[in-house]
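Peer 1:
Residue numbers (our numbering): 1188 to 1377.
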């Protein structure tokens, strides 16, 4: 079995810009594990554990999606947390689509892949909320991310950052005590 997910990674330069944006917020806490910049991505679909023999099926759908969709433009839309209420488990950067021609394309791409793969895999039916995970939180923190990262606290820089998402990648995720390790298995250019 292999743990798989489909994602749109940020380029190295774009990831570094986002990393730098969060720099004032990266306080030290044994409960917070900050996501390395080279792991920044937008998860499109999470498959969980699958047999390796399923990889070609997913790759074929990726190829088809690449024929139908071109690169996508998004921009940051402020900090957030999951779950939305109560004690946060992850800190995120919300994303919204940018540009008149791209309106709805990110959601459309995700929906297209979901519709074409949902009958074969247990994908669930969570609403797609484009975001980048910036940190994972252990324990039971008392503050929400909004308490920690409101614009007035000085912790969070609210400048918008724009990204161009050009690649759809199938990743393997290996869970380790110090955090997941992501390895690209297949990639298509949008």
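Note that CB positions come from ideal geometry on N, CA and C, so glycine has one too.
Taking residue 1232 as the reference, give the member of 1367, 1296 and 1220 with the closest Cα.
Peer 2: 1296
Peer 1: Here's the rule I'm using: 16 or more other beta-carbon atoms within 10 Å means buried, otherwise exposed. How should residue 1271 be labelled?
Peer 2: exposed
Peer 1: Can you name the residues that DSSP bridges to residue 1268?
Peer 2: 1278
Peer 1: Just the C-alpha distance for residue 1349 and residue 1204, rounded to the nearest angstrom, thanks.
Peer 2: 10 angstroms
Peer 1: To the nearest angstrom, how far is the alpha carbon of residue 1371 from that of residue 1274?
Peer 2: Residue 1371 and residue 1274: Cα-Cα distance of roughly 32 angstroms.
Peer 1: Can you tell me whether residue 1291 sits near the ligand PLP, meaning its C-beta is under 8 angstroms from at least one heavy atom of the ligand?
Peer 2: Because no ligand of any kind appears in the structure shown, any question about the ligand PLP cannot be addressed here.
Peer 1: Have a look at 1238, 1276 and 1193 and flag the residue whose alpha-carbon is nearest the alpha-carbon of residue 1324.
Peer 2: 1276
Peer 1: Suppose the cutoff is 6 angstroms on Cβ atoms and the five residues either side in sequence are ignored; what does the same chain contact list for residue 1160 look like?
Peer 2: Since the displayed the chain opens at 1188 and closes at 1377, residue 1160 lies outside it and no answer follows.
Peer 1: Identify which residue in 1321, 1237, 1317 and 1235 has its Cα closest to the Cα of residue 1352.
Peer 2: 1317
Peer 1: Using only the alpha-carbon positions, how far apart do residue 1280 and residue 1199 sit?
Peer 2: 17 angstroms
Peer 1: Give the straight-line distance between the Cα atoms of residue 1188 and residue 1312, rounded to the nearest whole angstrom.
Peer 2: Approximately 23 angstroms, taken between the alpha carbons.
Peer 1: With distances taken between CB atoms, is the gap from residue 1320 to residue 1358 smaller than 9 angstroms?
Peer 2: no
Peer 1: Is residue 1291 buried or exposed, if buried means 16 or more other CB atoms sit within 10 Å of its CB?
Peer 2: Taking all protein chains shown into account, residue 1291 has fewer than 16 neighbouring C-beta atoms within 10 Å of its C-beta and is therefore exposed.
Peer 1: So, is residue 1266 buried or exposed, given that buried needs 16 or more other C-beta atoms within 10 angstroms?
Peer 2: buried
Peer 1: Smallest Cα separation from residue 1218: which of 1322, 1226 and 1377?
Peer 2: 1322
Peer 1: May I ask you to report which of helix, strand or coil DSSP gives residue 1190?
Peer 2: strand
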